[in-house]
Structure formats: structure tokens, C-alpha cells
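Novice:
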Amino acid sequence: MGQQLLSILLLAPLAAIVVSLLSRRASSAEYATVTAAIIDLLVSIPLLLRTLSGSLILAHGYVLLDPFGAWVILCISIVYALSSVYAVGYMRLLNEEERLPVFYALFSGFALTMQLACVMNNAGVFWIAIELTTLVSTFLVGFEREAESTEAAWKYIVVVSGGISLALLGTVLFYWGSSFVLGPSYAMTWAALRQSAPQVYPPLLLVSFLLVLVGYGTKAGLAPMHTWLPDAHSESPAPVSAMLSGALLNASMLGIARFLGVVTGTSVSRFAHAAVVGLGIFSFVIAVLFIVRQTGIKRLMAYSSIEHIGVQALGLGFGGPLGMAGTLYHMLNHSLNKSLMFYGAGNAMRADRSKEIRNIRHVLKVFPVSGILWLLGAVGIAGAPPFALFLSEFTVLRAGIGGGYLWVVIVFAIFLIIVFIGFLSHFRTMYFDEAPEGEIVPLPWTAWRTLPMWLAILPLLVFGLWWPHGLWNIFHQVFLSVMGGGQ
Amino acid sequence: MFLAHINSLQASIFSSLAILSLLLTFVMLGSHWLKNYVYAFAGQSWLIAALSASVGYFSGYKELYAIAVLTALFRGLVLPWLLMRIVGRLNVKREIHSVLQSSSSLVIGACVVMFAFVIANHMSRQRQGAAHVVILALTIMLSMKFLGFLMLSVRDEAVSQILALLVLENGIFLGSQILVPGMPLLIEIVILFDLLIVVACFGMLVRFLVVHAGTTSSRELNRLVG
Chain Y
9 MGQQLLSILL LAPLAAIVVS LLSRRASSAE YATVTAAIID LLVSIPLLLR
59 TLSGSLILAH GYVLLDPFGA WVILCISIVY ALSSVYAVGY MRLLNEEERL
109 PVFYALFSGF ALTMQLACVM NNAGVFWIAI ELTTLVSTFL VGFEREAEST
159 EAAWKYIVVV SGGISLALLG TVLFYWGSSF VLGPSYAMTW AALRQSAPQV
209 YPPLLLVSFL LVLVGYGTKA GLAPMHTWLP DAHSESPAPV SAMLSGALLN
259 ASMLGIARFL GVVTGTSVSR FAHAAVVGLG IFSFVIAVLF IVRQTGIKRL
309 MAYSSIEHIG VQALGLGFGG PLGMAGTLYH MLNHSLNKSL MFYGAGNAMR
359 ADRSKEIRNI RHVLKVFPVS GILWLLGAVG IAGAPPFALF LSEFTVLRAG
409 IGGGYLWVVI VFAIFLIIVF IGFLSHFRTM YFDEAPEGEI VPLPWTAWRT
459 LPMWLAILPL LVFGLWWPHG LWNIFHQVFL SVMGGGQ
Chain D
70 MFLAHINSLQ ASIFSSLAIL SLLLTFVMLG SHWLKNYVYA FAGQSWLIAA
120 LSASVGYFSG YKELYAIAVL TALFRGLVLP WLLMRIVGRL NVKREIHSVL
170 QSSSSLVIGA CVVMFAFVIA NHMSRQRQGA AHVVILALTI MLSMKFLGFL
220 MLSVRDEAVS QILALLVLEN GIFLGSQILV PGMPLLIEIV ILFDLLIVVA
270 CFGMLVRFLV VHAGTTSSRE LNRLVG
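Those protein sequences? They're chains Y and D, same order as listed. Per our numbering, the first sequence runs over residues 9 to 495. Per our numbering, the second sequence runs over residues 70 to 295.
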């Protein structure tokens, strides 16, 4: 059953790629992508439920279907579904109709490579899958072919390839370290690495982990390796920004979490967790400082992504079932909320023809309905109740207190307040300040652009008021399967 | 472990091939001419292929011969050819603005190698006859990593940056041939193909850079800040 579901999950975007490239017509590419994305979303839920009754190992041990991978796949599928619907409404505004089939092929390819990465059982093959996501998404970042977007694409591929090569070095060193225990030739599965890790020479294990952390941390956008992220997220088309932020960052966090699970329970576990906490809080603080004085609307959202990836890293580093639950819940909520924010930003940018916050004014007059949704999303992403991010951030805070990281928790709490004020003050100016000179042309209304915003805000509200008990169960299963239950 | 009982002849063959590759990295670091970079890179790839073949011969991992052939073919011929095409199309023959003089970057490079040696010395606990080969392999792996990052940060031209990234990968590949010759064949082959795609993507991007940004020097890519 699990195998069939997984095949459907991966074949749907593959079919969308083929249809998009063969038909060469924008409309059929749109329909193929939306259909594939909805199929993926529908399949990913039973897939997650299937993994709860035990992980599956398929394809001669190369594919591992576990609750963690299935959870991240669910987050990716949600963003893929929402963004492909939004893309139908948004990409037509760019007047690039003849290149749209290629866009949708790349878009589905991006989703496919990320989903593949989540089910890889071999650390080396996982690295390759993550590298593939970079290659595919580079061309999505540079899709608009302006000087800025080309520059962003170049910086993206150079910085991320350089960073990710550190992860490859770390992976090779992990393999070398474990080869003293498991013999010179073995399959580098997560389970094999975790089983042999306690007997590996500790300094070697630590160096390997730090290299992997920096490598996948570059891809996840943890500061100080985040420099590519604001450029890539702000210069790509809005649906792509949502995918980069809501899906790709989660897939890279999955790599960090799996390697953290490998070293958990060894003598370097404490230091490894502290390193993840350190990067997390540093990213959080840096991002908040840039948010406060940001001038570009999409760069604001990009720095907010760094902030939230920092929160996820904090949850992972704090450790324990609570930290893991906070991280996973935050992944889901951030995927929903950040997609909503990028959609709103895309709308505003197109209507006001500017990427600058100072040129975006009177959003409520231009977008009476989606303007309200965007504002609610902003309140949510700033971490205010009753939206879901409040609950997950609060859980991470509790995990920090329980894990004995009191000072980090204090800094985290202070900067949570700063980001609330800083983020929403930008929205106050955009909604209620006087307009500068210049005509604002409202976009023609289409359900394609508004529907995904509704679909994102409603679950956020529900999850903010009610944390389903079944989710706890899932999070605990993930904790047991990734961290081995120990601290 | 294969490394635990190698004799001095094998040790010196591996060491000299590894050291020669490191020297070629210094050639890349010290030169201004883009063509020289590409030649040095090709030479380095051939040395790595020779290393794979010799490790395969002495250790009995027959699949390393296949990797040696593929390395020579892809890294030694196809990639340099692709890079030469990019260089030819760009009409840029040499690196004009570099942050550092070649001489000072060579000095920094030497310091970096010493730093890599210190780390490598801490990471290895093998104290048998092969200890020096292991430490040498780790040192060269790490120092090519650092040198690649050094080139990435002091060079502006797009082609130099691609080459710096390839040096990063060469370092890993070289070290892994000595340290983990038993690594599954599939992964190594996929990584080789992956490199090919990487360079193809870079080639397309360079073309976009020329057309849309009007420059291939990263110094002028300064629109996005803050």
C-alpha cells in the first residue's frame, strides 16, 4: 500500500512535467500541474498515516518511508498545491506566455526533487537529491530574466553549491568514520550511521557533523550562510518564492535533523545540539534585525523565512519530544503562513508595480478581500495568537526551558516581541499611511489568486485554536524514529 | 582496512599523486590566465584518475578502474572542454580585478594548508604504518576545500568561480579515493554525472549573465543588497 502511494506521489509531478513539455501550450501545462499537485496533496495524507504503523524500506534499501519523511512530504505537497493554483493566476501577469510550459515543467520538477530527497535512505543519495533541487530551482529563480533575477540566480547557485559541497565532505567523513566499525564497504543508510556512531572516534564524528550542519544549513538559509536567500526569495516569481520558502527549507532541515539523530546518544551529542541551537538563535537575531529596517516587500518575507528557519533549528537543538514536536508543527504552520504572505506580496507588487514597501499603499482599497487575508497572515507570521505559529513558537520556548537553555530562551522571547513590532509596523504603513504620487491599478479579480490565500489562512486559524491530538502522536513517532528515543 | 597494511611503495605512490594535485591547485591559485586554470584543472583530474586506478590495483576494488576511466573522461576531457567553450565565448582571457595579488594569495594558500594539517592531525587516530597517508589525504582534502573557498572569494570572473567550485569537489573526490575506496560505486558515478549537469547549468547561467546583467564579473553583481 505504501509503495503504491509513494509511486503515485512521485509519478504525478513526473507526468505533469511530461505533459507540460510535450503540449507546449500554457493552458494544458497549468491544468497538468494543478492536477498533479492536488493528487500529491491527497496522496500525502494517507501516506503519512501509513508510515505510522511502521517505516517501510523499498527499492533495495535506497528508499525509506518513515513518519518524518512523510511529514515533510505533506508540507511540501501543501505548498506545491497552493502555489500551483496561485501560479495559474499570477504567471499570466508576467506576459511570458510562450515560456510558461517550461516554467511549469521546472516547477513540478522542483517539487519532485524535494519529495525524492525526503524518502532517500542513503546519506549520499540524499545529498544528490538536495543538489538536484538547487539545479532545478536556479532556473526558476532566474525565470524573469531581468538583471536582478539573473544576479540572484547566480548568487544562489554559487553560494549553495559551495555550501553543499561541505555537506558532501561531511558525508564522506561520516562514511569513513563508520567504516572502522562496519567494514570498508557498506550501505550508508541512516540506520547504519546511527548504529555505528557511538563507536566512531568522537573528534572525527564532531567534525563530520559540523561540516554537514554548515552544508545543509547553507541550503536551509541559517545565518551566517543565508546570504543567497533574500536575493533568491525576493527575485523569483511569487509562487516560486513560496516553494523556496515553504518547502525547500523544510527539506534541508530534514537533512540536518537526520544527521542530528545520527549523533544523538553519542559523546558529542550535547555539543552537536548546542551548535544547532547556536545557529538557530543567531539566524533568528540576524533576521529580526534585518526585518526591522527592511525596505523591500519580498525581502521582508525572505528575512522572515530566515527567522522561522531559526525557530525550527532552535526546536531541533533544544531536543526532546517537545522540541521535535515544536519544530514539526512549526514546519507545517510556516509552510502555510509563508505561502500566504508571498501570495499577498505578489499581488501587491503587481498592482503597485514596485518591490519597495514605500510604494505600496492603501492595500485594503486595492484588495478588499485578499488584503484582509494578507493582514491576518501578517499578524499570524509575527507570532500572535490565535494563529498557529504562536502555538508552535510557544512549544519551542517550552522545549528550551525544559532543555536547560534558559539564556537562549530569554533572547528568543525578547526578539519575538521585537519582530512582532517590526514586522507589523511595515504592514501599518502599507495599509494605513498616506499614498505617494502615482497611479495604482487594481488587478482584475480572479479566484486563482484568492482561493489559495483562503486555503492557507483557514487551517492556520484552526491549528492555532486546536492542536489535534493525532498530531502529537505523529510527532512522537517521528521523534522515536529519528532521534532513537534517546537524548 | 586496506590502508592499515599498505607498503611503503604504495604509500609513496598515493602521496606523490595527492601532493601533485595539491600543487596544481596552487598553479590555479597563482595564475591570472583563465586557460591556465582549465589546464590545471584537467591535469588535476587526470592525476585523480591515476590515483583511483592505483588504489584499485593495490586494494583489489575492481570498480575503481571504472571510476578512473569515468573520471578521466568526464573530469579530464568533457568538463575542461565545456569550460573552454565558456571561456572562448566570453571573450575574457584573464582575471583582471582580483582582490588579492597572486603572490599574496599564494602565501595565504600556504597558511591554509598548514591549518588543514593541524585539523587533520586531530581527526585521525590511526597510529599504524599508514598514519601518514591518512593524515596526508585528510590534509589535502581539507586544504583543497579551503583553497577552493579562497579562490571563490578572491576571484570575480564567472569561470573562475565555476572552477573554484570544481576544485572543492575534486578535493573531496581525491580524499575519498584514499580514505574510503569501498564507497559504493553507484554514488560515485551519480556524483560524476551530477557534476556534468552542474557545469551545464553554469554554462547556461553564464550566458544569461552576459545577456541580462551585462557582465560576468561578480564584482558588478551588486544590485541586491540589504
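The beta-carbon is built from N, C-alpha and C at its ideal position, and this holds for glycine as well. These figures come from a predicted structure and were not determined experimentally.
Can you list, in chain order, the residues of its chain with a C-beta nearer than 7 Å to that of Y:S169? Leave out the 5 residues immediately preceding and following it.
Specialist: Excluding residues within five positions, the ones whose Cβ falls inside 7 Å are T142.
Novice: Roughly how many angstroms separate the alpha carbons of Y:H316 and D:A119, rounded to a whole number?
Specialist: 47 Å
Novice: Among all the DSSP beta bridges, which residues are the ones paired with Y:G304?
Specialist: Y:G304 is bridged to Y:E364.
Novice: What does D:F186 reach in chain Y if we use C-beta pairs closer than 9 Å?
Specialist: Within 9 Å Cβ-Cβ: nothing; D:F186 doesn't reach chain Y, min ~14 Å.
Novice: Answer with buried or exposed for Y:E401, where buried requires no fewer than 16 other C-beta atoms within 10 angstroms of its C-beta.
Specialist: Buried.
Novice: Identify every residue that forms a DSSP beta bridge with D:W102.
Specialist: D:R163
Novice: So, helix, strand or coil for D:I75, using DSSP?
Specialist: coil
Novice: Give the straight-line distance between the Cα atoms of Y:I165 and Y:R307, rounded to the nearest whole angstrom.
Specialist: Spanning the two alpha carbons is a distance of roughly 18 Å.
Novice: Quick check on D:E226 - is its C-beta less than 8 Å from some C-beta in chain Y?
Specialist: no
Novice: For Y:W184, return the contacting residues in chain D, with the cut-off set at a CB-CB distance below 7 Å.
Specialist: L248, V249
Novice: Taking the beta carbon of Y:A137 as the centre, do at least 16 other beta carbons fall within 10 Å, making it buried, or is it exposed?
Specialist: Flag for Y:A137 reads buried.
Novice: What is the residue span of the beta strand (DSSP E) that Y:V71 lies within?
Specialist: 71-73
Novice: Distance, Cα to Cα, D:R158 vs D:S100?
Specialist: 20 Å
Novice: Can you pull the chain Y neighbours of D:Q230, defined as C-beta to C-beta under 7 Å?
Specialist: V166
Novice: Excluding sequence positions up to five away, which residues of its chain have a Cβ less than 7 Å from the Cβ of Y:Q485?
Specialist: L60, P75
Novice: Quick check on Y:G494: buried or exposed, where buried means 16 or more other Cβ atoms within 10 Å of its Cβ?
Specialist: Bear in mind that a pLDDT of 44 at Y:G494, under 50, signals an unreliable position, so the number given afterwards is only what the model happens to contain. That one is exposed.
Novice: Which residue or residues does DSSP assign as beta-bridge partners of Y:N130?
Specialist: Y:T197
Novice: How would you list, in chain order, the residues of chain D whose beta-carbon sits under 7 Å from the beta-carbon of Y:G132?
Specialist: I256
Novice: Do Y:R406 and Y:L330 come within 8 Å of each other at the CB atom, strictly closer than that value?
Specialist: yes
Novice: Could you compute how far the alpha carbon of Y:I16 sits from the alpha carbon of Y:S52?
Specialist: 10 Å
Novice: Taking C-beta pairs closer than 7 Å, name the residues in chain D that Y:W162 reaches, listed in chain order.
Specialist: L274, L278, L290
Novice: Which stretch, first to last residue, makes up the alpha helix (DSSP H) that contains Y:L397?
Specialist: From DSSP, the alpha helix (DSSP H) with Y:L397 extends over 396-411.
Novice: With a CB to CB cut of under 6 Å and the five nearest residues on each side skipped, what residues in its chain are close to Y:T335?
Specialist: Q320, G323, L324
Novice: If contacts are defined as beta-carbon pairs under 8 Å, then Y:F395 and Y:V296 qualify, I think. What distance do you get, rounded to the angstrom?
Specialist: That pair is no contact at about 18 Å.
Novice: To test your reading of the DSSP string, which unbroken beta strand (DSSP E) runs of 3 or more residues are found completely within the stretch 425-483 of chain Y?
Specialist: none
Novice: So the candidates are Y:V417, Y:M251, Y:L212; which of them puts its Cα closest to the Cα of Y:L340?
Specialist: Y:M251
Novice: Between Y:D239 and chain D, is any beta-carbon pair separated by less than 8 Å?
Specialist: yes
Novice: When you compare only the Cα positions, how much space is there between Y:A455 and Y:S275?
Specialist: 55 Å
Novice: Please go through the same chain and pick out, in chain order, the residues whose beta-carbon is closer than 6 Å to the beta-carbon of Y:L101, but skip the five residues on each side of it.
Specialist: Contacts found: R358.
Novice: Would you tell me roughly how many angstroms separate the C-alpha atoms of Y:S489 and D:L243, rounded to the nearest one?
Specialist: 34 Å
Novice: Buried or exposed for D:S77, going by 16 or more other Cβ atoms inside 10 Å?
Specialist: exposed
Novice: Which chain D residues sit within Cβ distance under 7 Å of Y:Y209?
Specialist: R194
Novice: Taking 8 Å as the threshold, find out whether the stretch 385-395 of chain Y comes into contact with the stretch 456-475 of chain Y through three or more Cβ pairs.
Specialist: yes
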